[in-house]
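Residue numbers (our numbering): 3 to 250.
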Amino acid sequence: MSNFFNRNRAGGPPRSKRSPTPTGTLGRKDSTGSEPPSPGAPSGPKPLYLSRPFADSALVKGNFKTIVMQPKYVDVNEWVAVNMFDFYTNLNEFYGVLTECCTQQSCPTMSAGPTLNYTWVQDRKKVPLSAPTYIDSVMSTVQNLLDDENVFPTKSSQSFDKDTFPATVKQVYTQLLRVFAHLYHAHYPQILHLRSEPHFNSMFAHFLSFGTQYHLFEERDIRGEPNAPVGVGLLWERWKSTGILEGL
């Protein structure tokens, strides 16, 4: 596997501006906390996204090994940056279709499993937020980072900061992973109603394959803790066992 954290940026042609449409209302913050709402919460029935035929529905057949590999003459930092922009943009647009279903009333917590709620970290304090507020915070924060030329430079005369860029990308990836986890856990029935499960599954499989290839997340991010598992952790295991995420 490639590890872009230890590689230097090479020169290249000018890069196009990355500027997705803003969706958030909060400023830059970091969120790393998570906590279970209640240790004894019931697991409930098997979720639809783990059931056939939905778990195996996809637009892309085979595995994602080829499309996540770094092109020969492309700097690894630029390759990671471009892909993070694409993941953010695609997920943001997908979530936009589901905003009417994800409300303060329907999703009072940022849940990703029967026993897991994510909390936002602000001023070193864990802040419980509703899912729409949490996701709005994620999208706003990522938007600001993508628009910051000091973090995601778009000109060939600028370089990525090798000391801070890897940590920033990991932070962004983890937050987007949490958005995926909530949508699978709380809104997969709506995704099925829209007949969009092949698209969403393929997007998430690509996201996981890329993140593993470039070491952007830890297994605990996708698995969760024993008393608070992340729902999509079992989907990740299923796709690995069936070869969709080859070699992961």
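All C-beta atoms in this analysis are idealised placements derived from N, C-alpha and C, irrespective of residue type, glycine included.
Return the chain-ordered list of same chain residues with a C-beta closer than 7 Å to the C-beta of residue i, the five sequence neighbours on each side being excluded.
{"i": "Trp241", "result": "Ala207 and Leu247"}
{"i": "Phe154", "result": "Arg20, Ala83, Leu147 and Leu148"}
{"i": "Gly235", "result": "Ile224, Arg225 and Gly226"}
{"i": "Asn92", "result": "Met205"}
With 16 other CB atoms within 10 Å as the buried threshold, where does residue i fall?
{"i": "Ala169", "result": "exposed"}
{"i": "Arg126", "result": "exposed"}
{"i": "Pro47", "result": "exposed"}
{"i": "Asp218", "result": "Looking at the sequence provided, one finds Leu at residue 218 rather than Asp. Leu218 is buried by the Cβ-count criterion."}
{"i": "Gln160", "result": "exposed"}
{"i": "Leu179", "result": "buried"}
{"i": "Leu196", "result": "exposed"}
{"i": "Ser158", "result": "exposed"}
{"i": "Val76", "result": "exposed"}
{"i": "Asn152", "result": "exposed"}
{"i": "Thr23", "result": "Note that Thr23 has pLDDT 34, beneath the 50 cutoff, so the model's placement of it is unreliable and the number below is only indicative. That one is exposed."}
Taking the DSSP output, what are the residues bridged to residue i?
{"i": "Lys127", "result": "Gln124"}
{"i": "Ala230", "result": "Glu227"}
Measuring CB to CB, does residue i end up less than 7 Å from residue j?
{"i": "His184", "j": "Met86", "result": "no"}
{"i": "Ser106", "j": "Ser142", "result": "Note on identity: in this sequence residue 106 is Gln, with Ser being the wrong assignment. In this structure, Ser142 does not lie closer than 7 Å to Gln106 by Cβ."}
{"i": "Gly98", "j": "Gly233", "result": "no"}
{"i": "Phe162", "j": "Asn79", "result": "yes"}
{"i": "Gln215", "j": "Val70", "result": "yes"}
{"i": "Val171", "j": "Tyr90", "result": "no"}
{"i": "Pro130", "j": "Thr121", "result": "yes"}
{"i": "Gly213", "j": "Tyr186", "result": "no"}
Compute the beta-carbon to beta-carbon distance between residue i and residue j, rounded to the nearest angstrom, for a pair I have assumed lies under 8 Å.
{"i": "Pro228", "j": "Leu118", "result": "In fact, because the Cβ distance is near 11 Å, the residues do not count as touching under 8 Å."}
{"i": "Cys109", "j": "Gln192", "result": "Not a contact, Cβ separation roughly 12 Å."}
{"i": "Trp238", "j": "Leu210", "result": "6 Å"}
Among residues of its own chain, excluding the 5 on either side of residue i, which ones have a beta-carbon nearer than 6 Å to its beta-carbon?
{"i": "Thr34", "result": "For Thr34, the pLDDT reaches just 43, beneath the cut-off of 50, and the residue's location in the model is therefore unreliable, leaving the point undetermined."}
{"i": "Ile137", "result": "Val181"}
{"i": "Arg81", "result": "Checking the displayed sequence, the identity of residue 81 turns out to be Trp instead of Arg. Closer than 6 Å at the Cβ level, and outside the excluded window around Trp81, lie Gln72."}
{"i": "Phe202", "result": "Ile193"}
{"i": "Phe96", "result": "none"}
Is any beta-carbon of chain D found at less than 7 Å from that of residue i?
{"i": "Asn152", "result": "This model lacks chain D altogether; it includes just one protein chain."}
Is any non-hydrogen atom of the ligand HEM found closer than 6 Å to the C-beta of residue i, if you look at the structure I gave you?
{"i": "Ser159", "result": "Only the bare structure without any ligand can be found here, which leaves the ligand HEM out of the picture."}
Got a sec? Which residues, its chain only, sit under 8 Å from residue i by beta carbon, not counting five neighbours each side?
{"i": "Ala188", "result": "Cys104, Ser108, Cys109, Ser113 and Ala133"}
{"i": "Thr101", "result": "Pro134"}
{"i": "Thr166", "result": "Val153"}
{"i": "Pro38", "result": "Bear in mind that the predicted position of Pro38 carries a pLDDT of just 43, short of 50, making it unreliable; the figure below should be weighed with that in mind. Thr117, Leu118, Asn119, Glu227, Asn229 and Ala230."}
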